[in-house]
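Novice: Protein sequences, first through last, are from chains A and B. Throughout the first sequence, residue numbering follows this note's numbering, covering 1 to 661 in sequence. Throughout the second sequence, residue numbering follows this note's numbering, covering 662 to 1322 in sequence. Before we start, here is the structure in question, set down as structure tokens.
Number of protein chains: 2
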Amino acid sequence: MNPDILNERKKATFDIEKLTNILNGGPEKTKRRREIESMVLNDPDFKEQDPNFLSRSERYDQAVRKSAQMILKLREYGIADPEEIYCYKSCVHPGRPEPLDLHLGMFLPTLLNQATPEQMDRFFMPAWNLEIIGTYAQTEMGHGTHLRGLETTAKYDPTSEEFVLNSPTVSSIKWWPGGLGKTSNHAIVLAQLYTQGSCRGLHAFIVPIRDMNTHVPLPGIVVGDIGPKFGFSEVDNGFLKLDHVRIPRENMLMKYAKVDPDGTYFKPPSDKLTYGTMVFIRSMIVGESARALAKSSTIAIRYSVVRHQSEIRPGEPEPQILDYQTQQYKLFPVLAMAYAFTFVGHYMNQTYHRITGDIHQGDFSELPELHALSAGLKAFTTWAANSAIEVCRMSCGGHGYSRSSALPDIYVDFTPTCTYEGENTVMMLQTARYLMKSYRQARAGQQLHGIVSYLNEAEHQRIQPQLIAAKSTVIDFNDLSTLVELYKLRAAILVELAAKSIQKELQRKKRQEDAWNNSAIDLVRASDAHCHYVVVKLFADKLGEIDAAPIHSVLLTLARLYALHGVSNNSGDFLQAGLLEGSQLIEVTSHIKELLSELRPNAVVLVDAFDFHDRMLNSILGRYDGNVYENMFEWARRSPLNSTEVHESYHKYLKPLRSKL
Amino acid sequence: MNPDILNERKKATFDIEKLTNILNGGPEKTKRRREIESMVLNDPDFKEQDPNFLSRSERYDQAVRKSAQMILKLREYGIADPEEIYCYKSCVHPGRPEPLDLHLGMFLPTLLNQATPEQMDRFFMPAWNLEIIGTYAQTEMGHGTHLRGLETTAKYDPTSEEFVLNSPTVSSIKWWPGGLGKTSNHAIVLAQLYTQGSCRGLHAFIVPIRDMNTHVPLPGIVVGDIGPKFGFSEVDNGFLKLDHVRIPRENMLMKYAKVDPDGTYFKPPSDKLTYGTMVFIRSMIVGESARALAKSSTIAIRYSVVRHQSEIRPGEPEPQILDYQTQQYKLFPVLAMAYAFTFVGHYMNQTYHRITGDIHQGDFSELPELHALSAGLKAFTTWAANSAIEVCRMSCGGHGYSRSSALPDIYVDFTPTCTYEGENTVMMLQTARYLMKSYRQARAGQQLHGIVSYLNEAEHQRIQPQLIAAKSTVIDFNDLSTLVELYKLRAAILVELAAKSIQKELQRKKRQEDAWNNSAIDLVRASDAHCHYVVVKLFADKLGEIDAAPIHSVLLTLARLYALHGVSNNSGDFLQAGLLEGSQLIEVTSHIKELLSELRPNAVVLVDAFDFHDRMLNSILGRYDGNVYENMFEWARRSPLNSTEVHESYHKYLKPLRSKL
């Protein structure tokens, strides 16, 4: 063990294991996670070559091998609970998306939710047994977020009782679905349904795309890999061009919408049925933001106590770089954010499960708020995490840029979350739509419930700048509930500003839609402030559940840092709203500096509490034992370019050149 | 030509060619650049395979082939001017660093600057003829920014008149130098010189590392590639471990410092001699920031007029995504920044050349300011560009994530500029040191010259919040010089805040060094504000040189957007300082929205003016003709995973699995 990192661990002021249990949601969850981890990590069948040293085709090959093994093992060990499958999968492919992700995460669940009993008989068990390997093909080359814009058509032919699926243009080619390129033999294809001469909107169809025996693409199907990407190197994201491909009528997923043999169409009973899945996936992404932050901060903070550089006091040994205020100012807010988002993830997950019960009983009342919240928080947390990963990488200097740090991979595999499952700006505007509606209701005297109820509190005097400013000299920045209140008032004011911008546009005789577009900057800002408030509030709420005083104390420090760092970074909002005075910002900075010093002794143990196994982190900079340099040298020597002492290009190009000059 | 993009080009309000000439620094420069581009791009010897489809070893191989060809052609065409060589190289390896970069950019120039005439005879021509291929080995595994911390030793042995170079620890292994791993046969090694029992500090030594004939590493040398990185895939960044390697005394670069045969040591005459090179490289990096922004905004803006998505007004066709206010708000500030940084780059380049003349005449007076400015602007521009590239990438939705967009490559090859040639936070603190010194001088009544002279203007009343606030109701946000003034006052105030933080720490009896570290956050903030002021000022100055009214008009719009966007993003500073009132921020937002609308018709032609040849951009989204989708499909089909219809993993793993389940 590196002596520096050993020394850090002696400084812990709390019981790390207890904190790990809080982060995992209870001691039994920690235990089970570790069991699954050791099952996978000790299994020789999951041995792998470092993907950094492989070509893309080899990476794909290795991932398919491990995924196939995984399916076998899950059966062998009887692991069937979705959360446990997810955990197992995360160990088999540590941090890496894999070719079967959409089969497991979209194809099977979509069958469960939308297939008729007959379709379940026909497709589910073969899919469960991986005879049918499926993907979910929605996005097209020219169309993503806007579902109504999708061009693929499914025209019903009552004479043969078949649907004819077609890609009428280049831009209608299905593009991006994971596992589509080489792995899947079936796809659930989203297409515009036409029956009896009318377009009935988007519906889902099960389309066989490759021969079940030879795996060769079927007639009328052009399918392949969309080529290399920033990350996702193990995944064969694919394209699919359909040339009048015929499938039986029974291959439309008909649990809700239906087409009779004669072509008569029956609408689904509710258009909110798909909300649940979206909410679920978006709340999962909040958890992924937390996980990416936890990993990145673990790597950067551990390395920052091992790395010594420059000098603070002349003549003394080079200090650990974590002793520089600037380094603490980069990393500790990321650490605080990792904790904050973990708790937000817990909340979203619990709320989703609670509301799911209500939905099954036909009570949709809480769904709109949760839908709006999950959209905004998905965007808010992924944007924040996306930037923060790069802060961590760059805080590691040159070595952060090496693939051996794992930070480049964390970034490239995380960053798509800002785009997929709802592009972030679009998500923020969805949340804003809900906020505007709530604002109008509050103005009309309606009593709001849930998180937006602060829009009621108005007696609009309360959020008048002058009044607050008068009060502001007594703000206690040590008090977390005061900070929650500040964020709430900021959100209320920015929601009002956005609403006023729309009003102003309307007064200028702009159409409603143009007024909306011309206020989009303000609307995104309002959603951002709303989400920020929710995160600070949920962090504060979480503290109420923590009994152990030493843990409560360190989490309170993190929560205060999270909140004050946000105040400092968005100080314009707080000043503009009259919630703070300029002189108080200097106080905020002083508090932040104190919090950085307070956290310094616990920094390493706070990341230890995330409890990442070294093989799950796969980072030389983030090693638990801190033995960075020796291992970096070993890793580098295994680079494929070092397999020979002299690269062939020397003989081919450099040596012959001399005679020509 | 895609009709949307054709239509955009009809809307230009100015002569694109004239603007291109301004960006290039004159029509003759545009002409020569295009000549060189067409020389390279039409040369069949430089044909290449898309690196995205190659393994790292193949990428390195292709790069070496092209670099060897390049050396031949430069001779053939008699291109010897450094700027023209740089231009030629940029075409041969469009946007990609290459294995000979350090040979051309560091090894040869270091010889020119620091070699004696005898050493020039021995090394320069062989290096010019690429018999000697060299690199510059400074950074070690455990030591980067802090030169005094470097551990490699060069001990002089007067008995044999040799230096003994040694890597005493793992952390002393040379790490990162480009071209070191496989390409170079010599390295200029920076090592701590020991003579007559004393350490004389860091000096440069020419060390042969590979056999001139077989290219096999010499005895005592362990050399290789440091493994895959985020980017720089063509470059063999290397490691070098020296085990008591002996080189003749004459291999120390002795133009300034000297070691006599008996070991007597002579110091170099000035410690400012290396400042010039640092300033030069850092001002080049400012230009690279501009170039990366120009490329990224070209790609994102062109794609944003080709891409249609969602709806603004229901029932109407899907609008170009550039018509969304949020998209304009993402991209137009990046465009404005690209222009701003281009002009800053010009300024730095001109200033460097002007001052170099002075330096040759022994006048170092302007060097400290330029040194401080180049450090800060390097950090300021690279950080800003680094984030902005990712804004561009994410503004392209999913397709930005494809390697075919070129945006991932622009990012990974640009982002090291935040770390190398002076880590950015360290750079900001260097600038801060100069600002603090200047502030103290100004307070002591000394008259400052140059850019920091605003610290003199104090009569510190002038920057008292109340007074400004009283004036502020009449701020004319249309007037660029008012905005320059605002930035100047903000800088002055933040410099003062940082100085006061240090004073406060000292009053608490902190040591000077600890007071500095405890104020580091404020110091970085002050430097940032200083650099921001300089950029806005230089943009405004540039406008003074532009005659053509239509170009002046559109550049003024860009300059105002750049400045107001910065005010909005840093509104807390301006409000805290009392330079603005809360209510004026709403005005700022309105102005920004107006500027976005004003720029919209010229957006495409403003990026056209950067005049990137399609093959230099190498981006399907950024194609001049806008034919994105067809070409993306063609590109994807060439992906190596599509070379067979059925990937071998199907037969190896997926098919056999069925029988086991």
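Cβ atoms here follow ideal geometry from the backbone N, Cα and C, with glycine treated the same way. Source: prediction; values computed, not measured.
Assign Leu-1155(B) to buried or exposed, taking buried as 16 or more other Cβ atoms, counted over all protein chains shown, within 10 Å of its Cβ.
Specialist: Buried, since its Cβ has 16 or more Cβ neighbours within 10 Å.
Novice: Which ranges does the beta strand (DSSP E) cover as unbroken runs of at least 3 residues, wholly within the stretch 792-841 of chain B, from first to last along the chain?
Specialist: Complete beta strand (DSSP E) runs here, min 3: 795-798, 814-818 and 823-827.
Novice: Look at Pro-880(B) and Arg-871(B) and say whether their C-beta atoms are less than 8 Å apart.
Specialist: Against a cut-off of 8 Å, the Cβ pair of Arg-871(B) and Pro-880(B) comes out as no contact.
Novice: Please report how far the alpha carbon of Leu-1219(B) lies from the alpha carbon of Ala-492(A), in whole angstroms.
Specialist: Using only the alpha carbons, I get a separation of about 33 Å.
Novice: To the nearest angstrom, how far is it from the Cα of Leu-555(A) to the Cα of Glu-545(A)?
Specialist: The alpha-carbon atoms of Leu-555(A) and Glu-545(A) are separated by roughly 11 Å.
Novice: Between the Cα of Asp-782(B) and the Cα atoms of Ala-1190(B), Thr-1078(B) and Asn-912(B), which residue gives the shortest distance?
Specialist: Comparing Cα positions, the closest option is Asn-912(B).
Novice: Secondary structure at Met-212(A), three-state DSSP: helix, strand or coil?
Specialist: Three-state DSSP puts Met-212(A) in coil, outside helix and strand.
Novice: So Ile-794(B) and Lys-902(B) are supposed to be a Cβ contact under 8 Å. How far apart are they, rounded?
Specialist: Ile-794(B) to Lys-902(B), Cβ: 19 Å. No contact.
Novice: Could you check how far apart the C-beta atoms of Leu-702(B) and Cys-752(B) are, in whole angstroms? I think they sit under 8 Å.
Specialist: Right, their Cβ atoms sit about 6 Å apart.
Novice: Does the beta-carbon distance from Leu-851(B) to Val-1268(B) come in below 8 Å?
Specialist: In this structure, Val-1268(B) does not lie closer than 8 Å to Leu-851(B) by Cβ.
Novice: Who does Pro-248(A) pair with in a DSSP beta bridge?
Specialist: Glu-162(A).
Novice: Nearest-angstrom Cα distance between Glu-972(B) and Leu-1256(B)?
Specialist: Spanning the two alpha carbons is a distance of roughly 23 Å.
Novice: At the 8 Å Cβ level, is Arg-246(A) part of the contact set with chain B, yes or no?
Specialist: Chain B, which has no Cβ nearer than 8 Å to the Cβ of Arg-246(A), makes this no.
Novice: Please say whether Ile-247(A) and Leu-662(A) have beta carbons closer to each other than 8 Å?
Specialist: Residue coverage of chain A in this structure runs from 1 to 661, which leaves residue 662(A) outside it and unanswerable.
Novice: Please list, in chain order, all residues of the same chain as Gln-430(A) whose beta carbon is under 7 Å from its beta carbon, the five residues on each side excluded.
Specialist: Counting only Cβ-Cβ distances below 7 Å, and skipping sequence neighbours, we find Ala-372 and Ala-375.
Novice: Measure the C-alpha to C-alpha separation of Gln-1011(B) and Val-940(B) and round it to an integer number of angstroms.
Specialist: Approximately 12 Å between the Cα atoms of the pair.
Novice: Extract the residue ranges of the alpha helix (DSSP H) inside the stretch 1111-1190 of chain B, only unbroken runs of 4 or more that lie entirely within it.
Specialist: Correct list: 1126-1133, 1141-1168 and 1173-1178.
Novice: So with CB distances below 9 Å, who are the chain C contacts of Cys-531(A)?
Specialist: No chain C appears in this structure, whose protein chains are A and B.
Novice: Taking the runs of the alpha helix (DSSP H) that are 4 residues or longer, which of them lie wholly in the stretch 365-403 of chain A?
Specialist: Here the runs fully enclosed are 367-395.
Novice: Roughly how many angstroms separate the alpha carbons of Asp-1286(B) and Ser-453(A), rounded to a whole number?
Specialist: Distance between the alpha carbons of Asp-1286(B) and Ser-453(A): 51 Å.
Novice: Residues of chain A with a CB under 9 Å from the CB of Tyr-721(B): which are they?
Specialist: What Tyr-721(B) touches in chain A: Leu-641, His-647 and Ser-649.
Novice: For Gly-276(A), is the classification buried or exposed, using 16 other Cβ atoms within 10 angstroms of its Cβ as the cut-off for buried?
Specialist: When all chains shown are included, Gly-276(A) counts as buried.
Novice: Would you kindly report the start and end of the unbroken alpha helix (DSSP H) that includes Arg-434(A)?
Specialist: At residue 434(A) the sequence reads Tyr, which differs from the Arg that was named. Unbroken alpha helix (DSSP H) run through Tyr-434(A): 424-443.
Novice: Between Thr-856(B) and the rest of its own chain, which residues show a CB-CB distance below 6 Å, the 5 nearest in sequence each way excluded?
Specialist: Closer than 6 Å at Cβ, skipping near neighbours: Tyr-817, Val-920, Gly-924 and Tyr-926.
Novice: Quick one: residues in its chain with C-beta nearer than 7 Å to the C-beta of Asn-1117(B), no 5 flanking neighbours on either side, listed in chain order?
Specialist: Cβ within range, chain order: Ala-1103, Gln-1108 and Leu-1109.
Novice: Please confirm whether Lys-426(A) and Thr-145(A) have their CB atoms less than 8 Å apart.
Specialist: A small correction: the amino acid at residue 426(A) is Val; Lys does not occupy that position in the sequence shown. A contact, by the Cβ cut-off of 8 Å.
Novice: Please name the residues in the stretch 141-161 of chain A whose beta-carbon is closer than 9 Å to at least one beta-carbon of chain B, in chain order.
Specialist: So the close ones are Met-141, Gly-142, His-143, Gly-144, Thr-145, His-146, Arg-148 and Gly-149.
Novice: Tell me, to the nearest whole angstrom, how far the beta carbon of Val-604(A) is from that of Arg-200(A); I am working on the premise that it is less than 8 Å.
Specialist: That belief does not hold up - the Cβ atoms of Val-604(A) and Arg-200(A) are roughly 59 Å apart, past 8 Å.
Novice: Measuring only between beta-carbons, confirm whether Thr-796(B) sits less than 8 Å from chain A.
Specialist: So, not an interface residue.
Novice: Whole angstroms are fine: how far does the CA of Glu-234(A) sit from the CA of Leu-100(A)?
Specialist: Distance between the alpha carbons of Leu-100(A) and Glu-234(A): 10 Å.
Novice: Kindly indicate if chain A contains any beta-carbon less than 8 Å away from that of Ser-845(B).
Specialist: By this cut-off, Ser-845(B) is not an interface position.
Novice: For chain A, check one thing: does any of its Cβ atoms lie closer than 8 Å to the Cβ of Ala-673(B)?
Specialist: False, the Cβ-Cβ gap to chain A never drops below 8 Å.
Novice: Helix, strand or coil: which one does DSSP assign to Tyr-1081(B)?
Specialist: In the structure shown, Tyr-1081(B) sits in coil (DSSP, three-state: anything other than H, G, I, E or B).
Novice: Would a C-beta distance cut-off of 8 Å place Asp-1074(B) and Phe-893(B) closer than the cut-off?
Specialist: Taking 8 Å as the Cβ cut-off, Asp-1074(B) and Phe-893(B) qualify as a contacting pair.
Novice: Starting from Asn-52(A), find everything on chain B with Cβ-Cβ shorter than 9 Å and list it in chain order.
Specialist: Chain B residues near Asn-52(A): Gly-888 and Pro-889.
Novice: Out of Glu-366(A), Asn-602(A), Leu-193(A) and Lys-378(A), state which residue places its alpha-carbon closest to the alpha-carbon of Arg-282(A).
Specialist: The shortest Cα separation from Arg-282(A) among Glu-366(A), Asn-602(A), Leu-193(A) and Lys-378(A) belongs to Lys-378(A).
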